[in-house]
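S.K.: If you read the sequence shown in the numbering used here, its first letter stands for residue 6, the second for the next number, and so on.
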Amino acid sequence: MPVRSEPASNFGFSHLISSTTNMIARAVLSNHYHRDHPTERVIPERDPATTKAWMVGSGIGCLASAAFLIRDAGVPGENITIFEEFGVHGGSLDGSGSAEDPRGYVIRGGRMLNLSYLCLYDLCKWVPAYEPYFKEKVSNGEEIKTVYDEIMDFDERIKTEAHARLVDAEGNKLDVTSMGFDNQDRLDMLAMLSISEEELGTKRIEECFSEHYFTTNFWYMWQTTFAFKPCHSAVEFKRYLHRFAHEFPRIETLAGVDRTVYNQYDSIVLPLMNHLKSLGVQFVPLTKVVDFEYDRSVPHTMTVKALKLIKTDSGEEETLEIDSVNDLVFFTNGSMTSSAGLGDMDTPAPIKLEPDGTFQLWENVSREFPTLAGNPHNFLNRFEEAQWMSFTVTLRDPTFLRLNEMWTTNSPGTGALVTFKDSKWRLSYVIAKQPHFRNQPDDVAVFWAYALHTDVEGDYVAKPMRECTGREMFEELLGHLKAPFESVGATEHDWETIRDTTVVVPCMMPYITSMFLTRTHEDRPPVVPHGSTNLAFVSQFAEIPDDVVFTVEYSTRAARLAVCELMSLDESKLPPPIYKAGHSPAYLVQSLKSFMS
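1) What does a CB cutoff of less than 8 Å around S433 pick up in its chain, not counting 5 residues either side in sequence?
2) Does the separation of the CB atoms of L358 and P515 fall below 8 Å?
3) For S238, list the residues DSSP reports as bridge partners.
4) In this structure, how does DSSP classify E257 when only helix, strand and coil are distinguished?
5) Buried or exposed: which applies to D154, given that a residue is buried once 16 or more other Cβ atoms fall within 10 Å of its Cβ?
6) Please state if the CB of T363 and the CB of G62 are separated by a distance shorter than 8 Å.
7) If you follow the beta strand (DSSP E) that M514 is part of, which residue opens it and which one closes it?
8) For M152, which residues of its own chain have a beta-carbon under 6 Å away from its beta-carbon, when the five flanking residues on both sides are left out?
9) With DSSP run on the structure shown, which of helix, strand or coil describes V111?
10) Between R443, T538, K438, which lies nearest to D160 when the distance is taken from Cα to Cα?
11) For S416 and R529, I'd like the C-alpha separation in whole angstroms.
12) May I have a chain-ordered list of the alpha helix (DSSP H) segments no shorter than 4 residues that lie completely inside the segment 427-501?
13) Nearest by alpha-carbon distance to F396: which of A450, V510, E497 is it?
14) With the cut-off set at 8 Å, would you say V303 and L540 are in Cβ contact?
15) Residues in the same chain with beta-carbon distance under 6 Å from G109, minus the five sequence neighbours each way, listed in chain order, please.
16) Contact defined as beta carbons within less than 8 Å: I believe V543 pairs with F288. What is the distance between those atoms, to the nearest angstrom?
17) Take the Cβ of M93 as the centre, count every other Cβ of all protein chains shown within 10 Å, and call the residue buried at 16 or more, exposed below.
18) On a CA-only basis, which of A488, L312, M341 is nearest R113? Give me that one, please.
19) Taking C-beta to C-beta, are N338 and F546 nearer than 8 Å?
20) Using a Cβ-Cβ cutoff of less than 8 Å, which residues in the same chain neighbour V172 once the five nearest sequence positions on both sides are dropped?
21) G320: buried (16+ other C-beta within 10 angstroms of its C-beta) or exposed?
22) Using the C-alpha atoms, what's the distance from E204 back to L333?
23) Rounded to the nearest angstrom, how far is the Cβ of K57 from that of D351, given a contact under 8 Å?
24) Looking only at its own chain, which residues have a Cβ that is under 6 Å from the Cβ of R244, when we skip the five neighbours before and after it?
25) Rounded to a whole number of angstroms, what is the C-alpha to C-alpha distance between D447 and P440?
26) Mind the definition here: the segment 183-191 touches the segment 211-222 only if three or more C-beta pairs lie below 8 Å; say whether that holds.
27) Let me make sure I understand the geometry here. Which of L574, A71, T523 has the alpha-carbon closest to that of K282?
28) Buried or exposed for H237, please, with buried defined as at least 16 other CB atoms from any protein chain shown within 10 angstroms of its CB.
29) Could you compute how far the alpha carbon of V330 sits from the alpha carbon of E89?
30) Would you report the Cα separation of L522 and N380, rounded to the nearest angstrom?
31) Three-state secondary structure (DSSP) at K282?
32) For G285, count neighbouring C-beta atoms within 10 Å of its own C-beta (all shown protein chains included) and say buried if the count is 16 or more, exposed if not.
33) Are there 16 or more other CB atoms within 10 angstroms of the CB of P534, so buried, or fewer, so exposed?
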């Protein structure tokens, strides 16, 4: 049954407003900060000069761990080694391809940044900007020196204000200044904000709201901005409502979104890797860590003494012994893009359910330490709830962008998501500022689209999305855009040109929102479990109280917590408190206005 207050019909409207104000204040103001203090435990004192760190995976969690070890703990870069199962580093922050490649460019997903990403932005202030950009650009007359400077400069120049956030079945841009709530929806939202995570337990979002809630403008926008499904965790949904309360009044324009200049591989991973390499960090690709060996001399502890490795190109095996007292292991336990499969214009993306090495290793650790290492199986066996699909579109002609700008009145990079709210696939697309890749020529454009419902036939293509080729996915998108584009003068020649000059790569991601699945508190391990002396979990599947997954910030905060704890750093090195805007009266008033609309 839904989490309910009294039915709205029992309340006068003035009572509802008063109740709303008081409950938002209690629910949001009472927990606007959470301090991530490590639990008291016995951690060996370590000499940074002789400590070695071994990273399992090269996603942002391990890259950030390496950075914080160097910056905050004083560990020499040459003492840090990063193992990567695949041939490309960066984990889920990917971006590949070229204009010359027959399939064009590929981005499995894109990340929105936000002023509340305190750990990520702090890291970006330490990373020198990638030279080809900062030599040419200046911000307020000052040279851009860091990745943070670059992001701030870019977002000062390219403002996000979506003019076509939601589109109906007839192709009309909807007025989304009203959230569309009825009184029962408001009460249900207040109940969600007020109830504890312990009370919510393993409830789904759909158990906490009426059917009407899932037809509101707010739901369509919040869902597609963050990729929620009704079957996902109510606890995670509650965390998002608190964490991004400051975005509630501008969810219809996404004006609070920060963007990187290019895709996140080119804008974050590449400069961070270059800086780490310049400081001596060793990157070892095509090397899979398949298991750990443990020091069992002290009961009830988790201490890694060796890593079992396999070279993925040759099959060569190796056991790497480490100093179990002085050395550290940082582990990406699980990946949202695990087993992602790519198709092409004429081939559907394959569905690959066998998880990659990070999940397999996590399963091994969990078998050895079931009370310390979490339960990976909770996130692996619910394909329909976890999956969705994206597709990357490479345009070799400007016609599509011209028509899109005329219809939306947004130039590339200013419009954020366009969602066809009535589409069977729940289809959205977004066009970033061009170029989106460092190597992208001026006469090529790239954009990204995704859909949450891949098991149903499209509105214009009589196939489930998961059975569609890139060509068919693009036809579905063009079907939804036919009326909008023709309203600004699209001709048959335009449609023909668009089809003849476009390449589309579909991508199936079976675990993309597995972090959103319902869970118990025991399913995710703490960043450093209480019994661990040298092993940290730095992924989206570690537990950080109050913070939200599916953000670059989450893995970065996990990395900083792990370094602080395992290197016994003082409180001045702890990450800043998790940002929550509920302490601001201005945000509270703005949120209340949106809430009542």
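By construction, the Cβ of each residue, glycine as well, lies at the ideal position given by its N, Cα and C atoms.
M.R.: Let's see:
1) Shown here for S433: same chain residues with a beta carbon closer than 8 Å to its own, the five before and five after excluded, namely T229, L422, V423, T424, F425, A454, Y455, A456 in chain order.
2) In this structure, P515 lies closer than 8 Å to L358 by Cβ.
3) As a beta-bridge residue in DSSP terms, S238 pairs with R209.
4) In the structure shown, E257 adopts coil according to DSSP, grouped into three states.
5) Taking every protein chain shown into account, the CB of D154 has 16 or more other CB atoms within 10 angstroms, so this residue is buried.
6) It is a contact, given that the beta carbons lie within the stated cut-off.
7) First-last of the beta strand (DSSP E) with M514: 507-514.
8) The amino acid at residue 152 is misidentified as Met; the sequence shows Val. Answer for V152: C129, V132, A134, P276, listed in chain order.
9) Residue state, collapsed to three classes: strand.
10) Of R443, T538, K438, the residue nearest in Cα terms is K438.
11) Roughly 42 Å between the two C-alpha positions.
12) You should have 475-491.
13) Per the Cα distances, V510.
14) No, they are not a contact pair.
15) So the list reads G102, T399, V508, once near-sequence residues are dropped.
16) No, V543 and F288 are not in contact; Cβ-Cβ is about 17 Å, not under 8 Å.
17) Looking at the sequence provided, one finds Val at residue 93 rather than Met. Taking all protein chains in view, the Cβ of V93 is surrounded by fewer than 16 other Cβ atoms within 10 Å, so the residue is classified as exposed.
18) Minimum Cα distance to R113 is reached at M341.
19) With contacts defined as CB atoms closer than 8 Å, N338 and F546 qualify as a contacting pair.
20) Hits under 8 Å: K178, L179, V423, T424, F425, K426, H485, P489.
21) Per the 10 Å Cβ criterion, exposed.
22) Each residue's CA atom was taken as its position, placing L333 and E204 some 37 Å apart.
23) Contact annotation, K57 with D351: C-beta distance approximately 49 Å; criterion of less than 8 Å not satisfied.
24) Closer than 6 Å at Cβ, skipping near neighbours: V553.
25) Within the model, the alpha-carbon separation for D447 versus P440 is close to 7 Å.
26) Touching, yes.
27) Comparing alpha-carbon positions, the option among L574, A71, T523 lying closest to K282 turns out to be A71.
28) With 16 or more Cβ atoms within 10 Å of its Cβ, H237 is classed as buried.
29) Straight-line Cα distance between these residues: approximately 24 Å.
30) Looking at the backbone, the Cα of L522 and that of N380 are separated by about 13 Å.
31) DSSP places K282 in helix when its eight states are reduced to three.
32) The Cβ neighbour count for G285, taken over all protein chains shown within 10 Å, is under 16; the residue is labelled exposed.
33) Label assigned to P534: buried.
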